[in-house]
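Peer 1: To convert, count from 1 in the sequence shown and add 397; that's the numbering used here.
Below is a structure I'd like to ask you about.
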Amino acid sequence: MDSRTYKVGELARRSGVSVAALHYYEELGLLKPERHPDSGYRLYGPADLVRLQEIAVLKAMGFKLSAIGDLPAGSDGPREQSWKSALLRQSQQIESRMEELAAMRKLIESSLFSIEVNGEVVLEDMADFVRQLGDFDASRKGEARRAFFSDEELRRLPQPVETGPQAEAWAALLRGVRANLHRPPDAPESLELAHALLEYAEGAFGGDERLLERYWTFVRPEPGEPARAYGLDDEASAYIEAITDEYMRRRGGQ
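Okay, structure coming up:
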């Protein structure tokens, strides 16, 4: 196999994977590039290219990066069983999704039939259609949570709230994030916001840092992916990570 190495920019151009995505894969432990002894630049070798190909294939098949990380990258025996189990789970998820899409198609056909029969849009029928679509979406989110978290973790997770003081506090924090996206992580406004976010998270998760980290991994979208939780798109998530990292770095240095 070719022993050539690539810097991150070269690999991005060669593979079509953005530099930001390559860095994110490294953060998750999916890629482990070496470092140039003098410059400190990342150097990606043949093994990294093979792993990047694996990641691309598995993402195309619908695997989340967190699930890909659970698959060993070696070539030993257990790897085959791990892949087999993961592929079987993915097949079951696809089958479930196909059944859901078939039910959604029936909903659409029923709505079309209603318009055909009545010669107009019946608001009651459309309202029922929207409600049932919402039920599908809520069911999918519940399945994703159950697939990611253990039963014990699900019991300890904070329940989502849409009204009341806690919801208002979170909404205010999200507005703060949006208003300060242009600021650097070390700006006073960013550090003040980071303090407020960490204080909120500590209260919501009862000080359970491991559960908080697991939840953040669950809701943090991958580069280019839409938000998994309201208000937490890739840009907002990256800013939150940057300011809280800077805040913790400074606090650790005190």
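For each residue, glycine too, the CB sits at the ideal point set by N, CA and C.
Please read all numbers here as calculations on a predicted model, not as lab measurements.
In or out: Val414 buried (at least 16 other Cβ within 10 Å) or exposed?
Peer 2: So Val414 counts as buried.
Peer 1: With DSSP run on the structure shown, which of helix, strand or coil describes Leu440?
Peer 2: strand
Peer 1: Could you tell me the distance, in whole angstroms, from the CA atom of Arg401 to the CA atom of Met458?
Peer 2: 29 Å
Peer 1: What does DSSP give as the partner residues of Tyr403 in its beta bridges?
Peer 2: According to DSSP, Tyr403 bridges with Tyr441.
Peer 1: Is the segment 438-447 touching the segment 587-605 in the sense that three or more CB pairs, one from each, lie closer than 8 Å?
Peer 2: Under the three-pair Cβ rule at 8 Å, the segment 587-605 does not count as touching the segment 438-447.
Peer 1: Could you tell me which residues DSSP pairs with Glu565 in its beta bridges?
Peer 2: Glu565 is not bridged to any residue.
Peer 1: If you run the structure through DSSP and keep just helix, strand and coil, what is Asp473?
Peer 2: Because the pLDDT of Asp473 is 48, which lies under 50, any placement of that residue in the model is unreliable, and the number read from its coordinates should be weighed accordingly. DSSP, read as helix, strand or coil, puts Asp473 in coil.
Peer 1: So if DSSP puts Glu431 in a beta bridge, which residue, or which two residues, is it bridged to?
Peer 2: Leu440
Peer 1: Helix or strand or just coil, what does DSSP make of Tyr627?
Peer 2: coil
Peer 1: Round the Cβ separation of Phe615 and Phe545 to the nearest angstrom and send it over; I've been treating them as touching at under 8 Å.
Peer 2: 5 Å
Peer 1: Counting pairs of beta carbons, one from the segment 549-556 and one from the segment 569-588, are three or more of them closer than 8 Å?
Peer 2: no
Peer 1: For Asp445 versus Leu428, is the C-beta spacing smaller than 8 Å?
Peer 2: yes
Peer 1: Run through DSSP, which three-state label would Glu638 get?
Peer 2: Assignment of Glu638 by DSSP, reduced to helix, strand and coil, places it in the helix class.
Peer 1: Please list the terminal residues of the continuous alpha helix (DSSP H) segment that includes Ala584.
Peer 2: Here Ala584 belongs to no alpha helix (DSSP H), and DSSP marks it neither H nor E.
Peer 1: Determine the DSSP secondary structure at Val414, reduced to helix, strand or coil.
Peer 2: coil
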